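A.B. asks: Sharing a structure here in C-alpha cells format.
Protein chains: 2
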Amino acid sequence: MSSAVTRARIVEIADRLFYERGYQHTSFADIGAAVGLSRGNFYYHFKSKDSILDAVIESRVASTRRMLAEWETEHDDPADRIMRFVEIVVTNGPDIRAHGCPVGTLNTELAKLDHALRGRARELFTVFRTWLRDQFALLGHADQADDLAMHVLTFSQGVAVLSNAYRDEEFVRREVDRMRDWLSTYSR
Amino acid sequence: MSSAVTRARIVEIADRLFYERGYQHTSFADIGAAVGLSRGNFYYHFKSKDSILDAVIESRVASTRRMLAEWETEHDDPADRIMRFVEIVVTNGPDIRAHGCPVGTLNTELAKLDHALRGRARELFTVFRTWLRDQFALLGHADQADDLAMHVLTFSQGVAVLSNAYRDEEFVRREVDRMRDWLSTYSR
DNA sequence: GTCTATAGTAGGATAGAC
DNA sequence: GTCTATCCTACTATAGAC
Numbered sequence: 002m003s004s005a006v007t008r009a010r011i012v013e014i015a016d017r018l019f020y021e022r023g024y025q026h027t028s029f030a031d032i033g034a035a036v037g038l039s040r041g042n043f044y045y046h047f048k049s050k051d052s053i054l055d056a057v058i059e060s061r062v063a064s065t066r067r068m069l070a071e072w073e074t075e076h077d078d079p080a081d082r083i084m085r086f087v088e089i090v091v092t093n094g095p096d097i098r099a100h101g102c103p104v105g106t107l108n109t110e111l112a113k114l115d116h117a118l119r120g121r122a123r124e125l126f127t128v129f130r131t132w133l134r135d136q137f138a139l140l141g142h143a144d145q146a147d148d149l150a151m152h153v154l155t156f157s158q159g160v161a162v163l164s165n166a167y168r169d170e171e172f173v174r175r176e177v178d179r180m181r182d183w184l185s186t187y188s189r
Numbered sequence: 002m003s004s005a006v007t008r009a010r011i012v013e014i015a016d017r018l019f020y021e022r023g024y025q026h027t028s029f030a031d032i033g034a035a036v037g038l039s040r041g042n043f044y045y046h047f048k049s050k051d052s053i054l055d056a057v058i059e060s061r062v063a064s065t066r067r068m069l070a071e072w073e074t075e076h077d078d079p080a081d082r083i084m085r086f087v088e089i090v091v092t093n094g095p096d097i098r099a100h101g102c103p104v105g106t107l108n109t110e111l112a113k114l115d116h117a118l119r120g121r122a123r124e125l126f127t128v129f130r131t132w133l134r135d136q137f138a139l140l141g142h143a144d145q146a147d148d149l150a151m152h153v154l155t156f157s158q159g160v161a162v163l164s165n166a167y168r169d170e171e172f173v174r175r176e177v178d179r180m181r182d183w184l185s186t187y188s189r
C-alpha cells in the first residue's frame, strides 16, 4: 500500500483509540492490531509515538476547521451557528457519555503528563474559541466576544465531564435548554 | 514506624501524586521516593496499586465530607455555602490551573481506562452533588434542587478544564461573577 | 516492618531480512 | 513497505533475608 494511505489510516485509527482509551493507555500493539500492521512497521511511517499524536492533533485541527466552515454555509444567523456548537453535546451524546470531549480529555491528559504537545492540543480549543468569538462579534458584541466564547466553551466542557461521569442524557438536555435561554439574550 | 502511620503517609503522598501526574503516570517508584520507602515494601501495606487508589478515594471522600460540614458551621445562609463551593476555583486557583480539578480529572482518567474503581470515583462528585442539592432545597427550591446542583457542578468542571488548558486567572473570575449573578436569582 | 533481589510482563524503539 | 527478531527500559508484583 502507498505510504500516504497507510499513514492516513494509522492517524485515523490512532485518533479513535487515543480518544476512546487515552493517549498513554494506547500502545503500538493496539494501533497495530486495529490497522493490521506489525509493531515494528510503524517506524517506517512515524519516528515515535509522540509524532503520531502530533499528526492526530493536526488532523483534528483540520477537520474541526472544515466542520466550522460548513456550519457557516448552513446557517446565516450567528446565533444558530453558536447553537449548533452548543448542541454538539446532544449530537455526539453517546460518544461524549462514553469517552468525554475529545478536546477536553486530551488537554487534561497532556497537562498531567506535562507533555511537549500540550500547547498543540490547546490549539484545538482555540480553533473553537476564535470561531465562537467571531460569531458573537457578528451579533454585535465585539467588546465582550471572547468572554462570551469562553463561557460557551465552559458550558461544553462542564457538560462533557459530568455526562461522562454520570452517563445521564437528561441532564445534558436540561443544560442545553439553559444555554439556549442564555444565548437568546445575546441574539438579535 | 507503626503500620497505620506509614499507611496514612502512603495514602497522603499517593493522593498528591495521582492528582499532579495522574494515576497511570504515577509509579510505585515515584511514591516510594516521595515517602522514603523501598518499592517492595509497599506490598506489606497495600496488595496492589489499585488498592492504593481505593484508599485515596476513600480518604478524599472523608475529607470532602469534613470540609462541607465545616462550611455549614461557618455559613448560616445556604446561598453563602453554595458560593463557597463556587469560589473553590479561585481559592484553589493555582492547583486547578496546574492540575485541573482533582475530582474531574480522576473521573475522566478512570473512564478512559474503564477502571473498576470508576464508580467509586464518581462518588466524589456525588458527595458534592448531594450537598449542593440540600442547600438548594433549603433555599426553597426542593423541586429542582438536583438540577440546580448539577448546574453548579457543570460550572465548576467547565472552569477547571479551561483554566487548566489556558492558565487564565481572569477568565475564572469572570465566570465566578457570572455564577454569583445567576445564584442571586435563587437566593432569598 | 523494612530491605534487597528478582521474576515476569509490557511497551517503545531499532536492525536487518525480504 | 512490510515483516520478524531483538534490545532496552520501566513497571507491577513476589520471595525471602534481616
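Top to bottom, those sequences are chains F and R.
When we follow my numbering, the leftmost residue of the first sequence carries the number 2, and every step to the right adds one.
When we follow my numbering, the leftmost residue of the second sequence carries the number 2, and every step to the right adds one.
Glycine included, every Cβ here is placed at the ideal spot set by N, Cα and C.
In this text the structure is predicted, and so the values were computed from the model without any measurement.
On a Cα-Cα basis, can you pick out the residue from F:Ala112, F:Pro95, F:Glu59, F:Pro103 that is closest to arginine 98 (chain R)?
C.D. replies: Out of F:Ala112, F:Pro95, F:Glu59, F:Pro103, F:Ala112 has the C-alpha closest to the C-alpha of arginine 98 (chain R).
A.B. asks: Let me know the secondary structure DSSP gives leucine 163 (chain R) once reduced to three states.
C.D. replies: helix
A.B. asks: With respect to the alpha helix (DSSP H) encompassing lysine 48 (chain R), which residues constitute its N-terminal and C-terminal limits?
C.D. replies: Taken as a continuous stretch (DSSP letters only), lysine 48 (chain R) belongs to no alpha helix (DSSP H), as it is neither H nor E.
A.B. asks: For methionine 84 (chain F) and chain R, any beta-carbon pair shorter than 9 Å?
C.D. replies: It does not: the Cβ of methionine 84 (chain F) has no partner Cβ on chain R nearer than 9 Å.
A.B. asks: I'd like to know if glutamine 25 (chain R) contacts chain F, where contact means its C-beta is closer than 9 Å to some C-beta of that chain.
C.D. replies: yes
A.B. asks: From the DSSP output, in three-state form, read off tyrosine 20 (chain R) for me.
C.D. replies: helix
A.B. asks: Which runs of the alpha helix (DSSP H) spanning at least 4 residues fall entirely within the stretch 64-144 of chain R, listed in chain order?
C.D. replies: 79-87, 89-92, 94-100, 103-114, 119-139
A.B. asks: Alpha carbon to alpha carbon, what distance is there between tyrosine 45 (chain R) and arginine 39 (chain R)?
C.D. replies: According to the sequence shown, residue 39 (chain R) is serine rather than arginine. Linking serine 39 (chain R) to tyrosine 45 (chain R) through their CA atoms gives a straight-line distance of about 11 Å.
A.B. asks: Leucine 1 (chain R) versus chain F: which residues are under 8 Å apart at the beta carbon?
C.D. replies: Outside the modelled stretch of chain R, which goes from 2 to 189, sits residue 1 (chain R), for which no answer is possible.
A.B. asks: In whole angstroms, what is the alpha-carbon distance linking valine 128 (chain F) and glutamate 73 (chain F)?
C.D. replies: 14 Å
A.B. asks: Could you tell me the distance, in whole angstroms, from the CA atom of arginine 10 (chain F) to the CA atom of threonine 65 (chain F)?
C.D. replies: 18 Å
A.B. asks: Around the Cβ of arginine 61 (chain R), are there at least 16 other Cβ atoms within 10 angstroms (buried) or fewer (exposed)?
C.D. replies: buried
A.B. asks: Once the 5 residues before and after asparagine 108 (chain R) are set aside, which same chain residues still bring their CB inside 7 Å of it?
C.D. replies: Ala122, Arg123, Phe126
A.B. asks: Find out if the Cβ-Cβ distance for the pair valine 153 (chain R), valine 90 (chain R) is shorter than 9 Å.
C.D. replies: Going by C-beta atoms, valine 153 (chain R) is not nearer than 9 Å to valine 90 (chain R).
A.B. asks: To the nearest whole angstrom, what separates the beta carbons of serine 188 (chain R) and leucine 140 (chain R), a pair I think is in contact under 8 Å?
C.D. replies: 7 Å
A.B. asks: Locate the alpha helix (DSSP H) running through aspartate 184 (chain R), then write down its first and last residues.
C.D. replies: Checking the sequence shown, residue 184 (chain R) turns out to be leucine, not aspartate. For leucine 184 (chain R), the uninterrupted alpha helix (DSSP H) segment begins and ends at 170-185.
A.B. asks: Rounded to whole angstroms, how far is the Cβ of asparagine 165 (chain F) from the Cβ of glycine 101 (chain F), which I believe are closer than 8 Å?
C.D. replies: 4 Å
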